[in-house]
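S.K.: My questions all concern the structure below.
In UniProt numbering, the protein residues as written are 1 to 333.
Now the structure itself:
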């Protein structure tokens, strides 16, 4: 029996299913969670999605109202974990990725746990683990769950749309090296099931606010430092600057990729001062420029070779100087 059929067996046996994903939601964590939820419902079972915090507002066109949030509804989330006889851990490789409050609930839960993830270095906390680090996205793995478990007939537009969203966003619109023929084969199955890909692109890309565009314009024109010798770009925004432009979660998500799009750039870093820390996004091009190593070594982070995240407890100026000093060490080739 393949692992995906085993997972469906566990779903059909369970009475109280909880679906979790990592803190600081993105398109893949939201898309894989909702796609799995709708698949479980098509199997005739009930489930609930519990996330640590809210999704950025550019994902609100999805029905994120179905997601219980640890930072807003802790009592409800706690109740769901206490009732759970099956917990899914989607798009994260360690229990600390869900934040300390949900981590405590997850580790205390005495039930079946299934990890479905594509990040490096997975921890051994799940009863069943699907860890495919070469796969483009967790949403693609949920697609594989449906296709390889023999339930392709259940795939429809409702299930397929969030999965398409997850694949689209985690592949950088199919530009990252993780995209392979199977990525397109799974995507083709989603389109055949009724997903309207043009609408997903519109919902993602045609929903800017004026303040978001002004913030991004300011960041690119005034707060971008280019290290020509190392083909690296750094954008850095303080708390005061974010507040000036009425920052909303998700407003800076594309800035690292925009900086990386400059001709000749091979590394881009985006830093923003939020919640008392400096949050850092790293992006790069090519197999010889893995940013996850830098993130793990110095910024309590990690991720994929060309897309990673981290954090710093230093000031913005100190963090900027630290990164400027590390780039020659990690990206001198």
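Here a beta-carbon is modelled for each residue, glycine too, at the ideal position from N, C-alpha and C.
#1: When the distance is taken between beta carbons, is residue 325 closer than 9 Å to residue 311?
#2: Quick one, are the C-beta atoms of residue 245 and residue 284 less than 9 Å apart?
#3: Quick one, which of 220, 308, 331, 309 has its alpha-carbon nearest residue 228's?
#4: Taking DSSP as the reference, what is the three-state secondary structure of residue 283?
#5: Per DSSP, which residues does residue 51 bridge with? Please list them.
#6: May I ask which residues mark the beginning and end of the beta strand (DSSP E) holding residue 307?
#7: Name, in chain order, the residues that DSSP records as bridge partners for residue 139.
#8: Looking at residue 159 and residue 193, is the spacing between their C-beta atoms short of 9 Å?
#9: Taking just the CA atoms, how far does residue 287 sit from residue 304?
#10: Can you tell me the Cα-Cα spacing of residue 5 and residue 42, whole angstroms?
#11: Using a Cβ-Cβ cutoff of less than 7 Å, which residues in the same chain neighbour residue 113 once the five nearest sequence positions on both sides are dropped?
#12: Can you tell me which of the three DSSP states residue 179 falls into?
#13: Counting beta carbon pairs with one atom in the stretch 49–58 and one in the stretch 174–194, are three or more of them shorter than 8 Å?
#14: With a threshold of 6 Å on Cβ separation, who are the neighbours of residue 164 within its own chain once the five nearest residues in sequence on each side are excluded?
#15: Give a single yes or no on whether residue 238 has its beta carbon closer than 8 Å to a heavy atom of the ligand PLP.
#16: From residue 147 to residue 32, what distance separates their C-alpha atoms?
#17: Compare the beta carbon distance of residue 243 and residue 218 with 9 Å and say whether it is the shorter of the two.
#18: Cβ of residue 265 within 9 Å of Cβ of residue 235?
#19: In the DSSP assignment, what are the bridge partners of residue 359?
#20: Whole angstroms is fine: what's the gap from residue 120's alpha carbon to residue 253's?
#21: For residue 245, name the three-state secondary structure that DSSP assigns.
#22: Check each candidate in 105, 104, 101, 97 and name the one with the smallest Cα separation from residue 117.
#23: Would residue 275 be called buried (16 or more neighbouring beta carbons within 10 Å of its own) or exposed?
#24: Count the other C-beta atoms from every protein chain shown that fall within 10 angstroms of the C-beta of residue 155, then say buried if there are 16 or more, exposed otherwise.
#25: What are the partner residues of residue 225, as DSSP defines its beta bridges?
#26: When you compare each of 263, 319, 295, 49 to residue 272 by their alpha carbons, which one comes out closest?
#27: To the nearest angstrom, how far is the alpha carbon of residue 247 from that of residue 2?
#28: According to DSSP, is residue 268 helix, strand or coil?
#29: Across which residues does DSSP place residue 130 in a beta bridge pair?
#30: Just verifying my parser: in three-state terms, what is the DSSP assignment at residue 123?
#31: When we look at the beta-carbon of residue 26 and count the other beta-carbons within 10 Å, is it buried (16 or more) or exposed?
#32: Pull up the distance between the alpha-carbon of residue 100 and that of residue 85, whole angstroms please.
#33: Mind checking residue 65: buried by the 16 CB within 10 Å criterion, or exposed?
#34: Which of helix, strand or coil does DSSP assign to residue 159?
M.R.: According to the structure shown:
#1: no
#2: no
#3: 331
#4: strand
#5: 69
#6: 307–312
#7: Note: residue 139 sits in no beta bridge, so no partner.
#8: yes
#9: 11 Å
#10: 15 Å
#11: 87, 89, 125, 126, 127
#12: coil
#13: no
#14: 190, 195, 200
#15: With respect to the ligand PLP, the structure offers nothing, as it holds no ligand at all.
#16: 15 Å
#17: no
#18: no
#19: Because the chain is modelled from 1 through 333, residue 359 falls outside the range shown and cannot be assessed.
#20: 22 Å
#21: coil
#22: 97
#23: exposed
#24: buried
#25: 234
#26: 319
#27: 46 Å
#28: strand
#29: 116
#30: coil
#31: buried
#32: 21 Å
#33: exposed
#34: helix
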